[in-house]
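Trainee:
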Amino acid sequence: MSLDTQFLTMVIMFSSGVYLGIVMDTFKRFEPLWKSNLIMRYSFEILFWILQGLVLFYFLFLANQGELRLYIVLAVVCGYAAYQALFRETYKKVLERLIKIISGLIRFITRVVAVFIVRPIRFIIITIMKLILLLWTTLLAIILFLFKILLYPFQLIGRITWKLMPKNVKKYLLDVAGFYSKMKNIILKWWGIIQQKRR
Numbered sequence: 001m002s003l004d005t006q007f008l009t010m011v012i013m014f015s016s017g018v019y020l021g022i023v024m025d026t027f028k029r030f031e032p033l034w035k036s037n038l039i040m041r042y043s044f045e046i047l048f049w050i051l052q053g054l055v056l057f058y059f060l061f062l063a064n065q066g067e068l069r070l071y072i073v074l075a076v077v078c079g080y081a082a083y084q085a086l087f088r089e090t091y092k093k094v095l096e097r098l099i100k101i102i103s104g105l106i107r108f109i110t111r112v113v114a115v116f117i118v119r120p121i122r123f124i125i126i127t128i129m130k131l132i133l134l135l136w137t138t139l140l141a142i143i144l145f146l147f148k149i150l151l152y153p154f155q156l157i158g159r160i161t162w163k164l165m166p167k168n169v170k171k172y173l174l175d176v177a178g179f180y181s182k183m184k185n186i187i188l189k190w191w192g193i194i195q196q197k198r199r
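In the UniProt record's numbering, the protein residues as written are 1 to 199.
1) Near Tyr91, which residues of its chain fall below 7 Å by C-beta distance, leaving aside the five closest residues on each side in sequence?
2) Starting from Val115, follow the alpha helix (DSSP H) in both directions and report where the run begins and ends.
3) When you compare each of Arg29, Ser181, Phe7, Ile124 to Leu98 by their alpha carbons, which one comes out closest?
4) Mark Val76 as exposed unless 16 or more other C-beta atoms lie within 10 angstroms of its C-beta, in which case mark it buried.
5) In this structure, does DSSP put Gln155 in helix, strand or coil?
6) For Pro166, which of helix, strand or coil comes out of DSSP?
7) Do Phe59 and Ile12 count as a contact pair if the criterion is CB distance below 8 Å?
8) Taking Glu31 as the reference, which of Phe44, Leu20, Tyr19 has the closest Cα?
Structural data, given as structure tokens:
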């Protein structure tokens, strides 16, 4: 391995150590979002370290075709230590600032969507439903009115016929109606008892 390749490998792996520190702090910052769920916590931990292992190996492969040497491991450790000593606090402040900016942007977009899209659509849907209900109520009222008009001559004929009917016929019809009403009540009562027993 030439000196140029060794130097390039050292620089890349040192940068990989810095990168590792950055992604670890980023991961820890968002960890509370899934920490309460044990399955998600362990799943994300395993996936995180598998991914970082693949990324570091990719960097190493770019530098020297994937040859692992002791000084390469030391370069990664030095890069991580340099990040902890020099860049960590600055990066954490920048990260928090970015999170606040992105959170504010998401809230703003959510409000814009709610005001200009969700609320108008909801208003249109509610208005359409009210119009449909109004039309349905009006249609029912018209149908009932027409039905009453059509039924009125028959009611009138029935009243006149009832008045002209002899008293003994009226009494007979009332008795028949009373009998059928009693039978109906008895049948409904027994049907209710049968239904209760089935339950």
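Note that the Cβ used here is the ideal one computed from N, Cα and C, for glycine as well.
Mentor: To lay it out plainly:
1) Ile22, Asp25
2) It is not in any alpha helix (DSSP H) - Val115 carries neither H nor E in the DSSP assignment.
3) Arg29
4) buried
5) helix
6) coil
7) yes
8) Phe44
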